[in-house]
Amino acid sequence: MIRAILFDLDGVLTDTSEFHYLGWKRLADELGLPFDRQKNEALRGVSRRESLLILLDGRPATEQEMNEWMERKNRYYMEYVSKMTPQNLLPGALELLKELHQAGYKVAIVSSSKNTPLVLERLQIGEWLDTVVDGNAAARSKPAPDLFLLAAERLGVEPAECLVIEDAEAGIAAGKAAGMRTLGLGPIERVSSADYHLPDLNGVSLQRLRELVPDL
Ligand code: G16
Ligand code: MG
1 MIRAILFDLD GVLTDTSEFH YLGWKRLADE LGLPFDRQKN EALRGVSRRE SLLILLDGRP
61 ATEQEMNEWM ERKNRYYMEY VSKMTPQNLL PGALELLKEL HQAGYKVAIV SSSKNTPLVL
121 ERLQIGEWLD TVVDGNAAAR SKPAPDLFLL AAERLGVEPA ECLVIEDAEA GIAAGKAAGM
181 RTLGLGPIER VSSADYHLPD LNGVSLQRLR ELVPDL
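Here it is in structure tokens:
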């Protein structure tokens with residue numbers, strides 16, 4: 001029986017994945033590194049440091065340089081986030097959060113992002129959430145299961161009672177490694193190993209989820 005729904009943030013509830021791309025693109029251009037939307041696919045859902053390592057693609061860098069570059073990308077990213085409003089919630093997201101909350105499900109955000117508190121402040125969805133686990137909460141980020149397991153523990157539910165909703169393969173892998181069921185959103189090639197699949201949350205009601213996921 002599913003008792004908790006664990007939502008990824010970037011790419012599931014809001015469109016910040018585009019802001020991450022633009023931030024990395026700006027840094028890559030400044031450093032003369034090749035980077036485009038296709039390469040960006042590998043950065044979805046993984047941590048800031050892992051993203052930089054993928055971007056560098058073996059190019060040597062000191063710890064100090066890496067820290068400076070991560071901070072610089074994060075400044076660019078925060079410029080976009082500071083302009084966000086609740087209008088940046090993706091279609092269907094708010095309606096589904098409310099419906100799940102009102103139906104008595106536990107609802108959590110589980111994100112790799114260390115900027116999660118800032119993004120949630122802009123989106124103003126705190127009243128519909130039971131807990132938030134972000135990239136500040138555990139040493140190992142997605143695709144490790146740690147963030148999802150911590151969310152289940154905080155909610156007082158078993159992993160098998162959780163449904164993970166994710167837009168990235170790293171997040172689906174993390175949910176599966178945690179022993180949870182997974183719903184992938186977006187192009188199938190991004191979430192091919194998910195148990196269930198939908199294009200996005202637009203028009204997705206609790207009833208629609210129940211048609212898709214047994215025991216919900
Ligand atoms: C998000 C994004 C990733 C980003 C990561 C870390 O994860 O999808 O692209 O690299 O957060 O973000 P930050 O630099 O803000 O700590 P999720 O799990 O919300 O999809
Ligand atoms: Mg995501």
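Mind the numbering: the sequence shown is residues 1 to 216 in the UniProt record's numbering, read in order.
Each residue gets a CB set at the ideal place from its N, CA and C atoms; glycine is no exception.
Predicted, not measured: the structure shown is a model, and the values here were computed from it.
Whole angstroms is fine: what's the gap from Thr-131's alpha carbon to Arg-140's?
Translated into the one-based positions of the sequence shown, residue 131 becomes position 131. Translated into the one-based positions of the sequence shown, residue 140 becomes position 140. The straight-line gap from Cα to Cα measures roughly 19 Å.
Is Ser-205 near ligand 1, in the sense that its beta carbon is under 6 Å from a heavy atom of that ligand?
Counting from 1 along the sequence shown, the entry for residue 205 is found at position 205. Ser-205: no, Cβ never under 6 Å from ligand 1.
With distances taken between CB atoms, is the gap from Leu-163 to Arg-181 smaller than 7 Å?
For the purposes of this step, residue 163 is taken as residue 163 along the sequence shown, with counting starting at 1. For the purposes of this step, residue 181 is taken as residue 181 along the sequence shown, with counting starting at 1. In this structure, Leu-163 lies near Arg-181, with their beta-carbon atoms less than 7 Å apart.
Is Ser-193 near ligand 1, with its Cβ less than 6 Å from a heavy atom?
Sequence index remark: in the sequence shown, residue 193 carries index 193 (1-based). Checking every heavy atom of ligand 1 against the Cβ of Ser-193, none is found closer than 6 Å.
Bounding residues of the beta strand (DSSP E) (the contiguous stretch that carries Thr-131)
For the purposes of this step, residue 131 is taken as the residue at position 131 of the sequence shown. Counting along the chain, the beta strand (DSSP E) containing Thr-131 begins and ends at 131-133.
For the alpha helix (DSSP H) that Lys-25 lies in, which residues bound it at each end?
For the purposes of this step, residue 25 is taken as residue 25 along the sequence shown, with counting starting at 1. Note, Lys-25: alpha helix (DSSP H), 16-31.
In the structure shown, what three-state DSSP assignment does Leu-120 receive?
The residue given as residue 120 occupies position 120 in the sequence shown. Correct three-state label for Leu-120: helix.
Tell me the residue span of the alpha helix (DSSP H) that contains Ile-54.
Working through the sequence shown from its first residue, we reach residue 54 at position 54. In the DSSP assignment, Ile-54 falls within the alpha helix (DSSP H) that extends over 48-56.
Out of Lys-114, Val-119, Leu-90 and Leu-129, state which residue places its alpha-carbon closest to the alpha-carbon of Ala-108.
Sequence index remark: in the sequence shown, residue 108 carries index 108 (1-based). Checked all of Lys-114, Val-119, Leu-90 and Leu-129; the closest Cα to Ala-108 is Leu-129.
If you measure from each residue's Cβ to the nearest non-hydrogen atom of ligand 1, which ones come out under 6 Å, in chain order?
One residue after another in chain order, those with a Cβ under 6 Å from a heavy atom of ligand 1 are Asp-8, Leu-9, Asp-10, Gly-11, Ser-17, His-20, Leu-43, Arg-44, Gly-45, Val-46, Ser-47, Arg-48, Ser-51, Asn-74, Ser-111, Ser-112, Ser-113, Lys-114, Asn-115, Gly-135, Lys-142, Ala-168 and Gly-171.
Opening and closing residue of the alpha helix (DSSP H) in which Ala-170 lies
For this step, residue 170 is matched to residue 170 along the sequence shown. Note, Ala-170: alpha helix (DSSP H), 169-177.
Span of the beta strand (DSSP E), counted from its first residue to its last, around Leu-6
Mapped onto the sequence shown, residue 6 falls at position 6. That run of the beta strand (DSSP E) goes 4-7.
CB contact flag (Ser-112, Ser-47, <7 Å):
Mapped onto the sequence shown, residue 112 falls at position 112. Mapped onto the sequence shown, residue 47 falls at position 47. For Ser-112 and Ser-47, yes; Cβs fall inside 7 Å.
Sufficient close CB pairs (3 or more, under 8 Å) joining the segment 152-169 to the segment 119-128
The segment 152-169 makes no contact with the segment 119-128: fewer than 3 CB pairs, one atom from each, lie closer than 8 Å.
Since Phe-19 and Val-110 are thought to touch, with beta carbons under 8 Å apart, how far apart are those beta carbons, to the nearest angstrom?
As a position in the sequence shown, residue 19 is number 19, starting the count at 1. As a position in the sequence shown, residue 110 is number 110, starting the count at 1. Not quite, the Cβ-Cβ distance comes to about 19 Å (not below 8 Å), so this is no contact.
C-alpha distance - residue 234 paired with Asp-167, whole-angstrom precision:
Residue 234 is absent from the structure shown; the chain starts at 1 and stops at 216.
Quick test of your reading: Asn-40 and Met-78, contact by CB under 8 Å. State the CB separation rounded to the nearest angstrom.
The sequence position of residue 40 within the sequence shown is 40, counting from 1. The sequence position of residue 78 within the sequence shown is 78, counting from 1. With a beta-carbon spacing of about 19 Å, Asn-40 and Met-78 fall beyond the 8 Å limit used to define contacts.
Using a Cβ-Cβ cutoff of less than 6 Å, which residues in the same chain neighbour Arg-44 once the five nearest sequence positions on both sides are dropped?
In the sequence shown, counting from the first residue as 1, residue 44 sits at position 44. Correct list, in chain order: Ala-168.
For Leu-147, which residues in the same chain have their Cβ closer than 6 Å to its Cβ, ignoring the five residues on either side in sequence?
Taking the sequence shown and counting its residues from 1, the one referred to as residue 147 is at position 147. Excluding residues within five positions, the ones whose Cβ falls inside 6 Å are Val-110, Val-133 and Ala-138.
For Leu-216, tell me which candidate among Ala-178, Leu-13, Gly-104 and Ala-61 has the shortest Cα-Cα distance.
As a first step, residue 216 is located in the sequence shown; it is residue number 216 there, counting from the start. Distance check between Leu-216 and each of Ala-178, Leu-13, Gly-104 and Ala-61 places Gly-104 closest, using alpha-carbon atoms only.
DSSP three-state assignment for Gly-156, whether helix, strand or coil
On the sequence shown, residue 156 is found 156 positions in, with the first residue counted as 1. Coil, per DSSP.
Comparing C-alpha positions only, which one of Ala-93, Leu-100, Gly-175 and Arg-72 sits nearest to Gly-23?
Numbered from 1 along the sequence shown, position 23 holds the residue referred to as residue 23. Considering only alpha carbons, the answer is Arg-72.
For Lys-106, which of helix, strand or coil comes out of DSSP?
Position 106 of the sequence shown, counted from the first residue, corresponds to residue 106. Three-state DSSP puts Lys-106 in a strand.
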